[in-house]
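Below is one structure; the comments refer to it alone.
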Amino acid sequence: MFPLGSVVVPHMLLPLHVFEPRYRILFEELVGELPRPDDQASLGSEPRFGVTMIERGSEVGGGEVRAAVGTLATVVGAQLAEDGRWAVVAVGGERIRVLNWLDDDPYPRAEVELWPDEDPPDLNAALAGSIPTLLERHAELSELMVQLGVELEPGEAGSDVPDAGEDPDRLIWQLALASPLGSLDRYRLLSAPGSVERATRLVALLDEQIELVRARLE
């Protein structure tokens, strides 16, 4: 497990600079020369690890309070430096729930379960009203931020509207990633039971952001 001060959601790229000894061991086992534990070997050829948000405390040193919901991240690139540090790029995948935290020696570990979205069979029909609203709110927020003169960075509101094709849940996550939401807001989305509730929460969060930007423009 890799607790972080921010929230990693599905489809999110996660660059990591790994310097703490405990996490060096983690990635040596995942992608390096050390034998992989049985629980990791069972995951197949793609090295994966769990990520949860730190609710209280620091990323460095241990002793932090960790959230119960996270994601299973897949390593898509890793490079070992001469000094033993790792440069890792991962991508957020399936949601997980932490059932029990284990001993942190040699690194944070936990018993987890996958947490699939709890959605109706016809998800497209269930989201038929929410998706257009989300796209409208995203476009409105983008325009307001341009009026505010905010320099927009990739992945923030104001970037091109994502195209998720026939995958409405992916579109919801892409819109969330393309909006200036904080970690607690993203955690609210991550902990939603399914895509329908997630879309409802995201509409409310975008409405809040729109009101905040409007107030700054007045």
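Note that UniProt numbering numbers the sequence shown so that position 71 is 71, with each residue one more than the last. Glycine included, C-beta positions come from ideal geometry on N, C-alpha and C. Owing to the predicted nature of the structure, the values given are computational and were not obtained by experimental measurement.
Asked	Found
If you drop the 5 nearest sequence neighbours on each side, which residues of the same chain put their C-beta closer than 6 Å to that of Pro120?	Ala126
Output the distance between the C-alpha atoms of Val7 and Glu218, rounded to the nearest integer angstrom.	32 Å
Grab the span of the alpha helix (DSSP H) containing Arg48 for me, first residue to last.	Where Arg48 is concerned, there is no enclosing alpha helix (DSSP H), although the beta strand (DSSP E) it sits in stretches over 48 to 56.
Of all the options Arg97, Arg56, Leu134, Leu148, which has the alpha carbon lying nearest to the alpha carbon of Arg170?	Leu134
Is it right to say Gly5 is buried, meaning 16 or more other beta carbons lie within 10 angstroms of its own, or is it exposed?	exposed
Grab the span of the alpha helix (DSSP H) containing Phe2 for me, first residue to last.	Element bounds for Phe2: not the alpha helix (DSSP H) but the beta strand (DSSP E), 2 to 4.
Tell me whether Ala178 sits in a helix, a strand or coil according to DSSP, three-state version.	coil
So who's on the other strand from Pro15, going by DSSP bridges?	Val89
Is there contact here, the segment 8 to 25 with the segment 98 to 107, by at least three beta-carbon pairs under 8 Å?	yes
Counting along the chain, where does the alpha helix (DSSP H) carrying Ala126 start and finish?	123 to 126
Is Glu156 helix, strand or coil by DSSP?	Here Glu156 scores only 46 on pLDDT, less than 50, and its place in the model should not be relied on; the value that follows carries that caveat. Three-state DSSP puts Glu156 in coil, outside helix and strand.
With 16 as the cutoff for other CB atoms within 10 Å, does Pro193 come out buried or exposed?	exposed
Which residue spans inside the segment 73 to 119 form an unbroken beta strand (DSSP E) run of at least 3?	86 to 101, 110 to 114
Are the Cβ atoms of Pro168 and Asn100 separated by less than 8 Å?	no
With Asp142 as the anchor, note down where its alpha helix (DSSP H) starts and where it stops.	It should be noted that the sequence gives Ser, not Asp, for residue 142. Start and end: 130 to 148.
So what's Ala192 in DSSP terms, helix, strand or just coil?	coil
Given a threshold of 16 other Cβ atoms within 10 Å of its Cβ, counted over all protein chains shown, does Gly93 qualify as buried or as exposed?	buried
Which stretch, first to last residue, makes up the alpha helix (DSSP H) that contains Glu20?	From DSSP, Glu20 is part of no alpha helix (DSSP H); its letter is neither H nor E.
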